[in-house]
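A quick write-up on the structure given underneath.
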Amino acid sequence: MSDVERNNPILEGRHLKKTYQLGHAKRNNPILEGRHLKKTYQLGHANVPVLLDASLEVQQGEWVTILGSSGSGKSTVLHLLGGLDRPDENGGEVLFHGESVWGRSNKNINRYRNTEIGFVFQFYHLLPELTILENTTLPSMVGNSTMSTSAARERATTLLEQFGLGHRLLHRPRELSGGERQRAAIARALINEPSILLADEPTGNLDEDTGNEILDVLRQLHQDGLTVVLVTHNMDIASRGDCIVHLRNGVIEHPATVA
Ligand SMILES: Nc1ncnc2c1ncn2[C@@H]1O[C@H](COP(=O)(O)OP(=O)(O)OP(=O)(O)O)[C@@H](O)[C@H]1O
Ligand SMILES: [Mg+2]
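So the sequence shown is residues 769 to 1027, counted in the working numbering.
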């Protein structure tokens, strides 16, 4: 094709955006829901009730922040929502697209945890003996992922490049800064193209500027359509989301009493 033709398209769509409003239908079909969740830990002979009746709805494409003080049960909520830990017996339900997660077979719970949910943790949880590229591809190799090794490597490389780590692929986590480790952990969380990202104090171990960089990465992913649930004790961080709820005394209050 000549240069003249390339510079004079007969038809061009440029940066097109289109949003459909689903109104009430959208609000009534949460992608993820915690319904009357209860969780009690056993410490020796003592019971430690953490969640008494915690309910939460997350709409597709929404960013929900759960704000709560240390020890209020924020990580516990995320673990229940993400299929990492079970609610108490008769301790409520987690629903994904309206279907009970904990009512599934173990195989299906694994699949949910591994393919629908991406986790980001405060302390990254990267495996020290693996390279950044290997850490990122790891979730594609466990469970029921159908991604081939080469496709996983390609996707991991693209994600890591997107997050500015293209020059760090073969490095070990200890050779990276905290912010770089967290960006690698976000890439790992996205490898299986999850529907929802659950972020547990993702900036809690970082200085303010680096934390803001990580929040910018999450904001961009959210703008691109990813549903995000983030927990924090920090009001400034909480204010970034679409919706803030407050976890207090084992209950999620709606809306948060943000003083
Ligand atoms: N496996 C466990 N066994 C016993 N108690 C636990 C266990 N996990 C958490 N707890 C207790 O449950 C409570 C809530 O813990 P959780 O980690 O959910 O709080 P959090 O809000 O995430 O706190 P932080 O902000 O410090 O991370 C705490 O009192 C904690 O000690
Ligand atoms: Mg926690």
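Virtual Cβ for every residue (Gly too), placed ideally from N, Cα, C.
Have a look at the DSSP bridge pairing and note the partners of Glu804.
-> Here residue 804 turns out to be His, not Glu, going by the sequence shown. Its beta-bridge partners do not exist; DSSP assigns none.
Reduced DSSP secondary structure (H/G/I, E/B, other) of Pro907 | DSSP places Pro907 in helix when its eight states are reduced to three.
Segment limits, alpha helix (DSSP H) that includes Asn876 | Asn874 to Arg879
Pro941 (DSSP reduced to helix, strand or coil) | helix
Can you say whether Ala814 is buried or exposed, counting buried as having 16 or more other CB atoms within 10 angstroms of its CB?
-> That one is exposed.
Tell me Asn815's beta-bridge partners as DSSP assigns them.
-> In DSSP, Asn815 forms a bridge with Gln810.
For Val772, count neighbouring Cβ atoms within 10 angstroms of its own Cβ and tell me buried if that reaches 16, exposed if not.
-> Note that Val772 has pLDDT 49, beneath the 50 cutoff, so the model's placement of it is unreliable and the number below is only indicative. Counting Cβ neighbours within 10 Å, Val772 comes out exposed, since fewer than 16 surround it.
Which two residues bound the contiguous alpha helix (DSSP H) that contains Glu981?
-> Glu976 to Gln991
How should Tyr809 be labelled, buried or exposed, when 16 other C-beta atoms within 10 angstroms of its C-beta is the threshold for buried?
-> Classification of Tyr809: exposed, given that the 10 Å Cβ count is below 16.
Could you give the distance in angstroms between the alpha-carbon of Ser918 and the alpha-carbon of Thr883?
-> Rounded to the nearest angstrom, the two C-alpha atoms are 18 Å apart.
Identify every residue that forms a DSSP beta bridge with Glu861.
-> Arg803
In terms of residue numbering, what span does the beta strand (DSSP E) encompassing His847 cover?
-> Careful: His847 lies outside any beta strand (DSSP E), inside the alpha helix (DSSP H) at Lys842 to Leu849.
Should the stretch 914–929 be regarded as contacting the stretch 956–973, the criterion being three or more beta carbon pairs within less than 8 Å?
-> Counting C-beta pairs with one atom in each stretch, the stretch 914–929 and the stretch 956–973 have three or more that are closer than 8 Å, which means they touch.
For Arg1016, name the three-state secondary structure that DSSP assigns.
-> strand
Beta-carbon proximity list for Glu1009, same chain, < 7 Å, skipping 5 on both sides | Inspection of the sequence shows that residue 1009 is occupied by Gly rather than by Glu. Contacts found: Trp831, Val832, Thr833 and Leu998.
Which residue from Val996, Leu835 and Glu1021 puts its Cα closest to that of Leu965?
-> Comparing Cα positions, the closest option is Val996.
Selected residue, minimal CA-CA separation from Pro970, among Arg940, Ile1005 and Leu820 = In terms of CA proximity to Pro970, Ile1005 leads the group Arg940, Ile1005 and Leu820.
Got a sec: does ligand 1 put a non-hydrogen atom nearer than 7 Å to the Cβ of Glu1021?
-> no
Say yes only if the C-beta of Leu997 is nearer than 7 Å to one or more non-hydrogen atoms of ligand 1, and no if none qualify.
-> The question names Leu, but residue 997 in the sequence shown is Val. Because no heavy atom of ligand 1 lies under 7 Å away, the Cβ of Val997 does not count as near it: no.
Which residues bound the alpha helix (DSSP H) around Thr917?
-> Thr917 to Gln930 is the extent of the alpha helix (DSSP H) around Thr917.
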